[in-house]
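First up is the structure itself, then whatever we jot down about it.
Chains as they are written, first to last, in the working numbering: chain A, 20 to 239; chain B, 25 to 565.
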């Protein structure tokens, strides 16, 4: 039995075959992503309920967000997904330098996204659009629901950004591991599942962008 | 000579020694024992709070503790018991230990994540313990807004954070189990040859994975609201406190099934072994677990009958809640059908299982009462509800947990527990339980509200009965604690298969070797095929 086999990264002792281990890791990541969908789902539910309760105010408050910056950030994130796929493909082919190159590109794009996000949040502080005692949205009577919109805006984009930060950590770890020569064409599961995670975070933003930035665009 | 050979054999307990070999272990069996120690601590902590509650309720006046302290007591009782004992109880201890063995695997798919999930439970537990020691929390275990977000001046954040962290422990355990069951089954272990304990843990894991993240995000929102004053649930800003209740119960109703489904799995194993018959209607029992998991997600609104939920939603939720009775009844009927013409032996696990079947039936049937809109309006927030869910959680889950602990104890430790004392404990717990909680049905029906420490004098007799029962129950729970510890050193040495059971976990020595099996198992029979163990000598010690 495998008791006497040496444990390696490519085949840990609880598994019989490399395929079994790879299957298990991939399935594990998919299930984790399902939990993430449920996690974000709670916030999407809150968003849905409040937007349908206060459609007019959500449209007005939404239009105060800078749609061009948001769109640019969406493009940045989509590009990062592309470079991530390239990293996974390079790993499948066992091309170490290409893995590192693509991971670094992904990392840079991730940082650009976070930087732009930080700039946007800072704008909210300047405009008094941060929920709390100092909140004031010019031009509407019902400050409460306006504050609700920005509560959701900060909660949702904040949670998304937190996932980006975790992703940045994972990418950094992958770059270090690749430099150490851990990954080969036979063993590249971590790159693969990290890719799944990165795409998931990307997809969350694909939903957040129209829901938060584009509420009243179809009216114009 | 034989004894000496048994002692020298290497197994998971003597393969390595020292604190480090436990705290850094990746062995699912050791992690199961770590969980066992942790949750036992929280069980007795929660029990201590319950004791204070019951002592306070001996008299109609609030003379032992102030109302503020009483609020903290029932909150901390609930938090300790639900989040740090009941939710991890069977899956994280018995499931962790036996699920891989029952499907013939060497370990769970992700041993390091398994260890991490224990650490998360401990860290979450420490946060909550800190909150309890620093002054407690008084929101009730349900953390309803806006009290929890705005008004409570107690340690809401620390407690909520503890539950948040422990939630990830639950998620990771569920994830680990699902992947393990999908990918790690031994050759020949098809889905329909799996023991029913594995099926019920699979269903449980589905709930853990799909439900717990919703609780997590709810806690995040409460946290943000309390700390950053954003207003998701704040009516002053146009937010809706009832949204919190929806989100909370979307997790916390299915969470009841996280607690009871693994217990049902234990009962399926135990009833079969001590009747020496395959479980009647295996497929129905297996799928009823999955059905309970699915239906569990569709009934949360029955906790909101007296909130501002629309009456039409209430009708739908009430209607759907009745459906949970179907798979539950399938299980109860199939267990009793398994007993029919069985060769029944009244060993301790079987006694606990009988207790489970009776008490779960009462708990389940009163569940139909509270699922009915009209009756629920009458008994909402009364001791009727308290009695109902204690029949499920204590009479159901803890009975099953003790049944499983006795059943598998010889395998876990290599020692037998003292049968006489164990039978006595089963009896004492059954009597003590009924004496504690049956009067509460009557109290509730008569109108005694929950969470009050002062009550009209005419309720006193029933409260005194309940407190007396709680004392008996406490003795009953202390007994296994003492004789289990005693048995580890002085108990008779257990054979590989003392009960003549069929599962793979019994086909390996007690306690199991480090990698569970000396020889990789190949499964050729259905589960519970007792013809395969006919020839084996059944001896104790």
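Ideal placement from N, C-alpha and C gives every residue a C-beta, glycine not left out. All values derive from a computational prediction rather than experimental measurement.
Query	Result
Burial state of residue 135 (chain B) (16 or more Cβ within 10 Å)	buried
For residue 259 (chain B), the three-state DSSP class (helix, strand or coil)	helix
Distance between residue 540 (chain B) and residue 39 (chain A) (C-alpha atoms, nearest Å)	19 angstroms
CB contact check: residue 262 (chain B) to chain A, cutoff 8 angstroms	yes
Interface flag, residue 61 (chain A) vs chain B, CB-CB below 8 angstroms	yes
Neighbouring residues, chain A, relative to residue 5 (chain B) (Cβ below 9 angstroms)	There is simply no residue 5 (chain B) to check, as chain B begins at 25 and stops at 565 in what is shown.
C-beta atoms of residue 59 (chain B) and residue 120 (chain B) nearer than 8 angstroms	yes
Close beta carbons around residue 387 (chain B), own chain, < 7 angstroms, minus the five adjacent residues each side	412, 415, 416, 419 and 420
C-beta contact flag for residue 441 (chain B) and residue 370 (chain B) at 8 angstroms	no
Chain-ordered chain B contacts of residue 73 (chain A) [CB-CB under 7 angstroms]	262
Candidates B:234, B:502 and B:292, of which the one nearest residue 57 (chain A) by Cα	B:234
Beta carbon proximity, residue 139 (chain A) to chain B, threshold 8 angstroms	no
is_contact[residue 209 (chain A), chain B] using C-beta, thresh 8 angstroms	no
CB contact flag (residue 114 (chain B), residue 424 (chain B), <8 angstroms)	yes
Chain B contacts from the region 33-56 of chain A (Cβ-Cβ distance under 9 angstroms)	33, 34, 35, 39, 40, 42, 43, 44, 46, 47, 50, 51, 53, 54, 55 and 56
Close-in-space but distant-in-sequence residues of the same chain around residue 249 (chain B) (CB under 7 angstroms, 5 per side omitted)	173, 255, 256, 257 and 258
Segment contact flag, the region 266-274 of chain B with the region 318-336 of chain B, C-beta cutoff 8 angstroms, min 3 pairs	yes
Residues near residue 56 (chain B) by beta carbon distance below 6 angstroms, same chain, minus five either side	117, 120 and 121
Cβ-based neighbour list, residue 123 (chain A), same chain, cut-off 7 angstroms, excluding 5 preceding and 5 following	194
Beta-carbon proximity of residue 88 (chain A) to residue 146 (chain A), cut-off 8 angstroms	no
Under 8 angstroms from the C-beta of residue 58 (chain A): neighbouring residues of chain B	237, 238, 240 and 241
Option in B:355, B:480, B:392 and B:192 with minimal Cα separation from residue 314 (chain B)	B:355
Partner residues on chain A for residue 122 (chain B), Cβ-Cβ distance less than 8 angstroms	In chain order: nothing, as chain A lies at least about 16 angstroms away.
Within-8 angstroms CB hit, residue 361 (chain B) to chain A	no
From A:218, A:235, A:111 and A:81, residue whose alpha carbon lies closest to that of residue 95 (chain A)	A:218
Collapsed DSSP secondary structure at residue 330 (chain B) in the structure displayed	coil
Under 7 angstroms from the C-beta of residue 131 (chain B): neighbouring residues of chain A	33
Residues bridged to residue 517 (chain B) (per DSSP)	B:439
Residue 38 (chain B) versus residue 47 (chain B) - alpha carbon distance	15 angstroms
Coarse secondary structure for residue 169 (chain B), derived from DSSP in three states	coil
Proximal residues to residue 184 (chain A) (C-beta, below 8 angstroms), its chain only, five neighbours per side dropped	133
Residue 36 (chain A) (DSSP reduced to helix, strand or coil)	coil
Pair within 8 angstroms by beta-carbon distance, residue 151 (chain B) and residue 182 (chain B)	yes
Alpha-carbon to alpha-carbon, residue 106 (chain B) and residue 48 (chain A)	28 angstroms
Terminal residues of the alpha helix (DSSP H) in which residue 143 (chain A) lies	115-145
Pair within 8 angstroms by beta-carbon distance, residue 497 (chain B) and residue 460 (chain B)	yes
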